[in-house]
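Okay, so here's the structure we're looking at.
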Amino acid sequence: MKKIAVFTSGGDAPGMNACIRAIVRGAAYHGVEVFGIVRGYNGMIKGDIIPLNSQSVSNIIQRGGTILKSARSKEFMTAEGRKKAYDKLQELGIEGLVAIGGNGTFTGAEIFYNEFKIPTVGAPGTIDNDLYGTDYTIGFDTAVNTALDAVDKIRDTADSHDRVFFIEVMGRDSGYIAIQCAIAGGAESVMIPENLTSVDEISAILQKGFDKKKSSSIVIVAEGDEEGNAQIVAKKIKDKMGENLDIRVTTLGHIQRGGIPTASDRILASRLGLGALEGLLRGEKNVMAGVVNNQLIYTPFHDTITKKKPVSEDLIRMVEILST
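For the sequence shown, position 22 (counting from the first letter as 1) is numbered 22 according to the UniProt record's numbering, and the numbering increases by one without interruption.
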């Protein structure tokens with residue numbers, strides 16, 4: 001394999017640039033020509049593909065976001081769109097791809113291989129940390145630290161005004177950010193999609209704190225919790241516990257996606273980027289590079305896409321014990 005291309009797709013995550021850098025410099029080390037596809041599958045269809053070299057990725061390891069941009073592509077979901085993408089790759093002689101993204105990215109890559117035999121190896125780039133086949137994903141550590149900084153600040157005002165704060169963090173289908181923020185931020189409770197915690201249970205936890213003369217409380221809510229988002233949950237709690245309860249809601253939103261990546265994310269991204277590249281050069285295809293128990297492994301896209309990554313029961317138990 002002499003020519004490969006790298007692209008980022010789906011939601012951006014801090015550390016993606018470090019991953020791109022590792023892929024480009026790894027390709028230079030192995031004597032492989034590398035291109036960058038701008039705006040993911042959409043750029044592949046449009047032929048927005050640029051040559052990259054070691055200088056192209058200088059001074060980006062510390063930057064959030066992705067220099068290759070990201071975009072959704074409805075056209076790539078069609079056979080006609082994928083044929084256009086294949087033709088653009090053929091024009092440049094690109095023989096393989098490294099995809100940095102999540103489930104949707106890898107689903108597209110697997111379909112693309114089945115139709116046109118362009119091999120792809122993935123690197124897991126998502127703040128949600130919800131991909132089967134790796135202990136941690138690129139951007140997760142930074143997102144947790146960003147959210148935790150906000151939780152710490154909110155706790156100050158919660159304590160000053162004797163308030164209960166419901167803080168919503170990202171996690172439509174995953175509670176990883178929520179559970180780690182809850183533990184590290186000393187929250188009284190956490191609500192995540194993987195573990196149903198009812199409004200009655202939250203009310204009981206808060207009441208138990210009030211009985212102990214606790215004047216303020218923090219509840220972390222993953223946006224995809226079954227009881228609803230933080231606004232919905234807070235209203236249910238207020239209706240149940242009475243109007244005198246002073247409740248506030250903060251939705252952290254997309255601040256969790258941005259910012260300077262932590263050292264942990266830069267190192268993980270570099271390791272996964274190089275691992276994905278070298279796997280591709282060795283003949284791997286339709287797999288995601290991941291780190292499990294500090295070992296680099298490759299997991300088939302099919303497993304990454306279809307298998308659920310559970311939240312540790314020990315972490316859920318820790319929140320319950322440490323909030324007493």
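Glycine is no exception: its CB is placed at the ideal position from the N, C-alpha and C atoms.
> Which residue or residues does DSSP assign as beta-bridge partners of threonine 250?
Replying inline: Walking along the sequence shown from the start, residue 250 turns up at place 250. Note: threonine 250 is bridge-paired with Ile167 in the DSSP secondary-structure output.
> Rounded to a whole number of angstroms, what is the C-alpha to C-alpha distance between threonine 324 and isoleucine 192?
Replying inline: Translated into the one-based positions of the sequence shown, residue 324 becomes position 324. Translated into the one-based positions of the sequence shown, residue 192 becomes position 192. Looking at the backbone, the Cα of threonine 324 and that of isoleucine 192 are separated by about 19 Å.
> Per DSSP, what kind of secondary structure is residue 325 in: helix, strand or coil?
Replying inline: No information on residue 325 is available, as it lies outside the stretch 1 to 324 that the chain covers here.
> By how many angstroms is the C-alpha of phenylalanine 7 removed from the C-alpha of leucine 68?
Replying inline: Counting from one through the sequence shown, the residue named residue 68 turns up at place 68. Counting from one through the sequence shown, the residue named residue 7 turns up at place 7. Counting only the Cα atoms, phenylalanine 7 lies some 7 Å from leucine 68.
>> Any contact between the segment 280 to 299 and the segment 122 to 129? By contact I mean 3 or more CB pairs, one from each, below 8 Å.
In response: Look at the beta carbons and you see the segment 280 to 299 touching the segment 122 to 129: at least three pairs across the two are nearer than 8 Å.
> By Cβ distance, which residues of its chain are closer than 7 Å to threonine 157, with the 5 residues on each side in sequence left out?
Replying inline: Here residue 157 is taken as the residue at index 157 of the sequence shown, counted from 1. Close CB contacts of threonine 157 within its chain, under the 7 Å cut and outside five residues either way in sequence, are absent.
>> Counting C-beta neighbours from all protein chains within 10 Å, is the total for alanine 263 16 or more, i.e. buried, or is it exposed?
In response: As a working mapping, residue 263 is identified with position 263 in the sequence shown. Exposed is the call here.
>> Suppose contacts are defined by Cβ-Cβ distances below 7 Å. Is serine 217 in contact with glycine 224 by that definition?
In response: Within the sequence shown, numbered from 1, the residue matching residue 217 stands at position 217. Within the sequence shown, numbered from 1, the residue matching residue 224 stands at position 224. No, these two residues do not count as a Cβ contact at 7 Å.
> What are the uninterrupted segments assigned as beta strand (DSSP E) that are 3 or more residues long and contained completely in the segment 176 to 222, given in chain order?
Replying inline: 189 to 191 and 217 to 222, all fully within the segment 176 to 222.
> Any chance the segment 251 to 265 sits against the segment 141 to 156, with 3 or more Cβ pairs inside 8 Å?
Replying inline: In this structure the segment 251 to 265 touches the segment 141 to 156; the number of beta carbon pairs closer than 8 Å is three or more.
>> Between the alpha carbons of glycine 11 and serine 70, how many angstroms are there, rounded?
In response: Stepping through the sequence shown from its first residue, residue 11 is reached at position 11. Stepping through the sequence shown from its first residue, residue 70 is reached at position 70. One C-alpha to the other measures close to 7 Å.
> Can you name the start and end residues of the beta strand (DSSP E) that valine 121 belongs to?
Replying inline: Here residue 121 is taken as the residue at index 121 of the sequence shown, counted from 1. Unbroken beta strand (DSSP E) run through valine 121: 120 to 124.
> According to DSSP, what are the bridge partners of threonine 299?
Replying inline: One-based indexing of the sequence shown puts residue 299 at position 299. In DSSP, threonine 299 forms a bridge with Met288.
> Thinking just about the alpha-carbon of each residue, which of Glu75, Leu252 and Ala109 is nearest to the one in asparagine 42?
Replying inline: As a first step, residue 42 is located in the sequence shown; it is residue number 42 there, counting from the start. Closest by alpha carbon: Glu75.
> Among Asp159, Leu97, Asn103 and Gly81, which has the Cα closest to the Cα of asparagine 129?
Replying inline: Against the sequence shown, residue 129 aligns to sequence position 129. Comparing Cα-Cα distances from asparagine 129 to each of Asp159, Leu97, Asn103 and Gly81, the minimum goes to Asn103.
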